[in-house]
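Report on the following structure.
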Amino acid sequence: MTPRRKILPLFIPHAGCPHNCVFCSQRRISGHLAPVTAAEVAAALAAMPFGVDELAFYGGSFTALPVQQQRELLDAVQPWLQNGLVGSIRVSTRPDAVDTGVLSLLKSRGVSAVELGAQSMDDAVLAACGRGHSAADTVRAARLVREGGFRLGLQMMTGLPGSSEALDLMTGERLAALLPDGVRIYPTVVLEGTELCAMWRRGAYQAHTVEEAVSVCARLLPLFDAAGIPVIRLGLNPTEALSAGAAVAGAYHPALGELVRSRVYLNRARALLQGSRPGDRIALGVCKSDISQMVGQHRCNLAALRAEFQPAELRVTEAAVKKGEITVTRASCGVRR
Numbered sequence: 000m001t002p003r004r005k006i007l008p009l010f011i012p013h014a015g016c017p018h019n020c021v022f023c024s025q026r027r028i029s030g031h032l033a034p035v036t037a038a039e040v041a042a043a044l045a046a047m048p049f050g051v052d053e054l055a056f057y058g059g060s061f062t063a064l065p066v067q068q069q070r071e072l073l074d075a076v077q078p079w080l081q082n083g084l085v086g087s088i089r090v091s092t093r094p095d096a097v098d099t100g101v102l103s104l105l106k107s108r109g110v111s112a113v114e115l116g117a118q119s120m121d122d123a124v125l126a127a128c129g130r131g132h133s134a135a136d137t138v139r140a141a142r143l144v145r146e147g148g149f150r151l152g153l154q155m156m157t158g159l160p161g162s163s164e165a166l167d168l169m170t171g172e173r174l175a176a177l178l179p180d181g182v183r184i185y186p187t188v189v190l191e192g193t194e195l196c197a198m199w200r201r202g203a204y205q206a207h208t209v210e211e212a213v214s215v216c217a218r219l220l221p222l223f224d225a226a227g228i229p230v231i232r233l234g235l236n237p238t239e240a241l242s243a244g245a246a247v248a249g250a251y252h253p254a255l256g257e258l259v260r261s262r263v264y265l266n267r268a269r270a271l272l273q274g275s276r277p278g279d280r281i282a283l284g285v286c287k288s289d290i291s292q293m294v295g296q297h298r299c300n301l302a303a304l305r306a307e308f309q310p311a312e313l314r315v316t317e318a319a320v321k322k323g324e325i326t327v328t329r330a331s332c333g334v335r336r
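Mapping the sequence shown onto numbering that gives the first Met the number 0, position 40 (from 1) lands on 39, and the numbers just tick up by one.
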């Protein structure tokens, strides 16, 4: 098993971004009201009891900040980067805020990874959300990031205004074709105080439900898995504000990633059980760490498979298989329903 990386997150909510996307409320998402300052960066590093693998500037659009502010934030990290207590630096930004000049600055200050908020690869969806950039900007920025020798991260959203499951899957396919080192998938959540919330309340936007998000993400996850691209985040990171009501509608669930991965197992099991007959005795074999995901929350996967295939017996057992694999053994007992 790969050990978890130690990451020091620092937030610049909405800083640098020249647009106000209909869904955006970085302050509610991150739980931080004001962008971090260079002095606060230095103080956070000085307070670290141990080193970290990565310092990450989250939220906002780092490369859209004034150049002097970018330098100040990155320069505050340099002593810890040079003594090895910080392994690397990651920044997040907009696709239209990337050029060779800004990438040269990042490279000179030890930044090794750049994440782009692509959100969608459909220009009509991007326009409906007020993103202010095109899908072509994402393709261009991704190329520049990779050519600059950085690790490339891409972020996408599902259930945006004007989107559909087909368009979300298209976005996934087009992002996978850009060969990122990792992807984050954020199903749309309606946050209090955003334009999307106003649209939802007046009936101009139908909220993306948790079930819809689980359904589409359970198709996106195997798409990225097949391309060897890790999905490093599924759904917003739970915060007190979100759990306390800032998420007024949409696909917010504190365990969304678990729900999606469980649905992937259900989909795989369904495919494997095609041709089963009512009354069969069925055992699904998975590796030990996958048993809970195969069973599903509150045993929902087993309930769905029993309703669909009507076996006389359905069990999940530990098997000597790789993570993600399922073996099926069936025995007819002569029972028909």
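A virtual CB, placed ideally from N, CA and C, is assigned to each residue, including glycine.
The structure presented is a predicted model; accordingly, all values stated were derived computationally and were not measured.
Just how far apart, CA to CA, sit residue i and residue j?
i, j, result
"ILE184", "GLY131", "20 angstroms"
"LEU159", "SER87", "33 angstroms"
"PHE22", "GLU191", "10 angstroms"
"ARG93", "ARG314", "47 angstroms"
"ALA42", "ALA134", "38 angstroms"
"LYS322", "VAL285", "7 angstroms"
"GLN81", "ALA37", "17 angstroms"
"ALA112", "VAL144", "9 angstroms"
"GLY295", "ASP224", "20 angstroms"
"MET293", "TYR264", "5 angstroms"
"LEU382", "SER331", "Outside the displayed span of the chain (0 to 336) sits residue 382, for which this structure offers no information."
"GLY100", "PRO78", "24 angstroms"
"ARG329", "LEU258", "27 angstroms"
"ALA176", "VAL138", "10 angstroms"
"VAL189", "PRO237", "14 angstroms"
Taking the continuous beta strand (DSSP E) assigned at residue i, which residues delimit it?
i, result
"LEU9", "6-10"
"TYR57", "53-57"
With 16 other CB atoms within 10 Å as the buried threshold, where does residue i fall?
i, result
"GLN67", "exposed"
"VAL327", "exposed"
"PRO310", "buried"
"SER261", "buried"
"ARG89", "buried"
"PRO342", "The question about residue 342 has no answer here: the residues shown for the chain are numbered 0 through 336."
"GLU211", "buried"
"GLN205", "exposed"
"GLY234", "buried"
"ILE28", "Low confidence applies here, because ILE28 scores a pLDDT of 49, under 50, leaving its location unreliable and the question unanswered by this model."
"ASP74", "exposed"
"GLY83", "exposed"
"VAL320", "exposed"
"ASP98", "exposed"
"GLN118", "buried"
Taking residue i and residue j to be in contact with their CB atoms under 8 angstroms, please state how far apart those CB atoms are, rounded to whole angstroms.
i, j, result
"LEU355", "ARG218", "Residue 355 lies beyond the residue range present for the chain, which begins at 0 and ends at 336; the question has no answer from this structure."
"ASP180", "LEU222", "In fact, because the Cβ distance is near 16 angstroms, the residues do not count as touching under 8 angstroms."
"VAL124", "LEU166", "6 angstroms"
"THR193", "THR157", "Incorrect: roughly 17 angstroms between the Cβ atoms, too far for contact."
"GLU317", "LYS287", "5 angstroms"
Which stretch, first to last residue, makes up the alpha helix (DSSP H) that contains residue i?
i, result
"GLY171", "164-175"
"THR99", "99-107"
"ALA141", "134-146"
Worksheet item: Below 8 angstroms, can you find three or more Cβ-Cβ pairs linking the stretch 243-252 to the stretch 280-300?
Response: no
Practice prompt. Could you tell me whether the stretch 5-14 touches the stretch 102-109, where touching means 3 or more Cβ pairs closer than 8 angstroms?
Written response: no
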